[in-house]
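Below is one structure; the comments refer to it alone.
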Amino acid sequence: MDSALASDTAHEGAVYLRQSVRTAAKLLVVGHFAVGKTTFVGSLSEIRPLRTEETMTQAGALVDDLAGIRGKTTTTVAMDFGRLTLSDSLVLYLFGAPGQQRFTRLWQDMTRGALGALVLADTRRLEQSFDVMGLLEEHGLPYAVAVNHFDGAPAHPEEEIREALDLLPETPLITCDARDRISSTRALITLVEYLQTRQTRLSSTAQEHV
Amino acid sequence: MTPPAPRRDKGLVRPYVVTDGRAHPTRNTFDLVTLVMAHGDLPIGGLSPEKRALMELCLGGALSVAEIAGHLMLPVSVTKVLLGDLVDSGHLSTRAPIPSAQLPEAQILQEVLDGLRARL
């Protein structure tokens, strides 16, 4: 497998899309290192989650500084993604990536055309979520926050978490277990319901101004 | 002799050798979720090994740009260059990613929501 660029086995695992699929929608699953993004994508995906990597050169120096990584001249950034066929004509892709990739083409590719994002958070390291939340706000990408349940992590009242994360009153905050398909599906539903409410509000505001 | 591959380097050659040194595709129409379909009627024998692998993958059915990159273990940027060439040569065609221009976002959100609820 290690030298499989042009190997005959490279595509054995491919699971193709239904012929009838016409639309591909995109949601992001973001959060800091080890918050459960890959687990979340894996719980939901109908295909074995895939990974693509990009080696950074120019922007890498800055990101290396931010990440506190030393002695590296190039940085490899990666995203994991999965797929859910939602109907005969619609497929949903979930892209999971950390926020340190803000300067990369990969991050731009991911955010372009995305409907919104689910921010996964860990109550033991809430402050580490700020970076990625700020990044989504810079890109104007709406998001909901899902606190991933970790065994042994302290359970905080919702109000405390909202305050710690400095969430807007309208931003949904939910808890989920990224290992569980149903729980992860519910988290995505909450996100999409929010996107829908927001969209309705934006379009009615737009009409008032016509 | 093929030198041993560096630990994280999954390809036989460096990525930009695959693209003849080009970092950008000939067209700028590829999104990560652009759906790609192969046309089986053109010969693939004269293509580079990487393009042939890409065609062999895509001849099986439709896949997104991201999936193609993932399966071939190539960076997305390199995959886009190869895809651009293969669209230019008529081997592949694409179905535009969603887009807001084609379907209203409200409709997509509703369909996504319906699809997710049906999975509970």
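Chains as they are written, first to last, in the working numbering: chain Z, 52 to 261; chain E, 14 to 133.
Backbone N, C-alpha and C fix where the C-beta goes; we use that ideal spot for every residue, glycine too.
No experiment lies behind these values; they were computed from the predicted model shown.
Determine the direct distance from the alpha carbon of residue j to that of residue i, and round the result to whole angstroms.
i	j	result
Val198(Z)	His52(E)	45 Å
Pro62(E)	Gly87(Z)	37 Å
Gly191(Z)	Phe132(Z)	22 Å
Glu209(Z)	Val31(E)	51 Å
Val170(Z)	Glu189(Z)	15 Å
Val89(E)	Ala79(E)	7 Å
Met130(Z)	Val142(Z)	19 Å
Val128(Z)	Ser234(Z)	28 Å
Val243(Z)	His207(Z)	25 Å
Ser94(Z)	Val81(Z)	15 Å
Phe201(Z)	Asp33(E)	47 Å
Arg69(Z)	Leu177(Z)	40 Å
Leu60(E)	Ser102(E)	10 Å
Ala204(Z)	Gln123(E)	35 Å
Arg35(E)	Thr226(Z)	45 Å
Thr222(Z)	Leu70(E)	41 Å
Leu87(E)	Tyr144(Z)	19 Å
Between residue i and residue j, is the Cβ-Cβ spacing less than 8 Å?
i	j	result
Arg108(E)	Met68(E)	no
Pro38(E)	Lys93(E)	yes
Thr303(Z)	Leu129(E)	The first residue shown for chain Z is 52 and the last is 261, placing residue 303(Z) beyond what the model contains.
Ser77(E)	Val46(E)	yes
Leu218(Z)	Val196(Z)	yes
Glu105(Z)	Arg175(Z)	no
Lys64(E)	Leu95(E)	yes
Ala229(Z)	Leu166(Z)	no
Pro149(Z)	Phe84(Z)	yes
Tyr67(Z)	Gly83(E)	no
Leu42(Z)	Arg213(Z)	This structure leaves residue 42(Z) out entirely; chain Z is present only between 52 and 261.
Ala75(E)	Leu48(E)	yes
Gln250(Z)	Ala119(E)	yes
Ser96(Z)	Leu135(Z)	yes
Does any CB atom of chain Z fall closer than 8 Å to the CB of residue i?
i	result
Asp101(E)	no
Ile121(E)	yes
Gly74(E)	yes
Val125(E)	yes
Gly83(E)	yes
Ala79(E)	yes
Identify the continuous beta strand (DSSP E) that holds residue i and give its terminal residues.
i	result
Ala76(Z)	74-81
Leu145(Z)	141-148
Val170(Z)	167-172
Ala197(Z)	194-199
Thr226(Z)	224-227
Residue i bridges to which residues according to DSSP?
i	result
Met50(E)	Ser106(E)
Val128(Z)	Glu105(Z)
Gly133(Z)	Leu145(Z)
Leu76(E)	Val49(E)
Using beta carbons (cut-off 8 Å, strictly below), is residue i in contact with chain E?
i	result
Phe201(Z)	no
Tyr194(Z)	no
Thr256(Z)	no
Val72(Z)	yes
Arg163(Z)	yes
Glu210(Z)	no
Ile225(Z)	no
Gln159(Z)	no
Phe91(Z)	no
Ile120(Z)	Reliability fails at Ile120(Z), whose pLDDT of 41 lies under 50, so the model's placement of it is uncertain and no value is given.
Thr222(Z)	no
Phe84(Z)	no
Lys77(Z)	yes
Pro236(Z)	The sequence shown places Thr at residue 236(Z), rather than the Pro named in the question. Answer yes: the Cβ-Cβ gap between Thr236(Z) and chain E drops below 8 Å somewhere.
Can you tell me where the alpha helix (DSSP H) holding residue i begins and where it ends?
i	result
Tyr245(Z)	232-259
Thr90(Z)	88-95
Gln123(E)	118-130
Asp98(E)	89-101
Gln159(Z)	156-162
Glu63(E)	62-71
Ala206(Z)	No alpha helix (DSSP H) holds Ala206(Z); DSSP gives it neither H nor E.
Glu188(Z)	181-189
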